[in-house]
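Note sheet for the following structure.
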Amino acid sequence: MCGPETPSSTPRIGARVNLFSPGGSLGNLLFHNPCSPSSLHATHVRFVPNNNSSASPATTAPDENVLLSIHTTGDLTKPLADAGLMQEFTMHSGLLAVSGPERCQNAGGEGVEIPLGMALSLEVGNDGIIGRRVSMRRGCGELLADGIVGFNFSPAVTA
């Protein structure tokens, strides 16, 4: 997958989006199925912020939600209005800043994980999300960051 090197502690499962803003890396999203890590259908999404980023969705007002959109194209040069919309869901900004039991600290470090309303296909084309653009926006519509969904599987080792 394109993007920065992934630390060895990061799980190599599902599909990943490295989110970039004009200020640099915001963090990443991991679409996966915690009950079946090798599944080609994601049932959860995990946001892991980049602690070095100056732009953070956690800086939104407590009552302001963060909207995640999966677009029909994978073209980052197009305005969002021209990128089409495949799927959209909300992460509450309060969750992005929490610590404690709501935070996910298993199989890949800190972050916040939410179940998806419906399973997403981790394939290319048709209903699959691989290769599609994902944007993260504040409740008011301001674009925080975007990126492209890529495979996050470890290559199978054959002997």
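Position 29 of the sequence shown, counting from 1, maps to 428 under this note's numbering, and the rest follow consecutively.
Cβ coordinates follow ideal geometry from the N, Cα and C atoms, glycine included.
Looking at the backbone, the Cα of His443 and that of Ala544 are separated by about 20 Å. A distance below 7 Å between beta-carbons, with the five flanking residues on each side excluded, links Pro433 to the following residues of its chain, in chain order: His443. DSSP, reduced to helix, strand and coil, places Leu479 within a helical segment of the structure shown. Among the bridge pairs identified by DSSP, Gly473 is matched with none.
If you compare the alpha carbons of Gly422, His440, Pro421 and Thr471 with that of Ile547, the shortest gap goes to Thr471. Rounded to the nearest whole angstrom, the CA to CA distance from Cys539 to Lys477 is 20 Å. Pro448 has Gly426 as its beta-bridge partners, per DSSP. In its chain, beyond the 5 residues on either side, no residue has a beta carbon closer than 8 Å to the beta carbon of Asn450.
Short of 8 Å from the beta carbon of Leu439, and not among the five residues preceding or following it, lie these beta carbons of its own chain, in chain order: Ser520, Leu521 and Glu522. DSSP lists Leu466 and Leu542 as the beta-bridge partner residues of Arg536. Boundaries of the beta strand (DSSP E) harbouring Ser520: Val511 to Val523, taken from the DSSP string. For Gly413, the secondary structure class from DSSP, reduced to helix, strand or coil, is coil.
For Arg537 against Val465, the beta-carbon gap comes to about 6 Å, under 8 Å, which counts as contact. Here the alpha carbons of Arg445 and Val511 stand approximately 5 Å from one another. In the DSSP assignment, Gly527 falls within the beta strand (DSSP E) that extends over Gly527 to Ile529.
Sixteen is the threshold: since fewer than 16 other Cβ atoms of the shown chains lie within 10 Å of the Cβ of Gly422, the residue is exposed.
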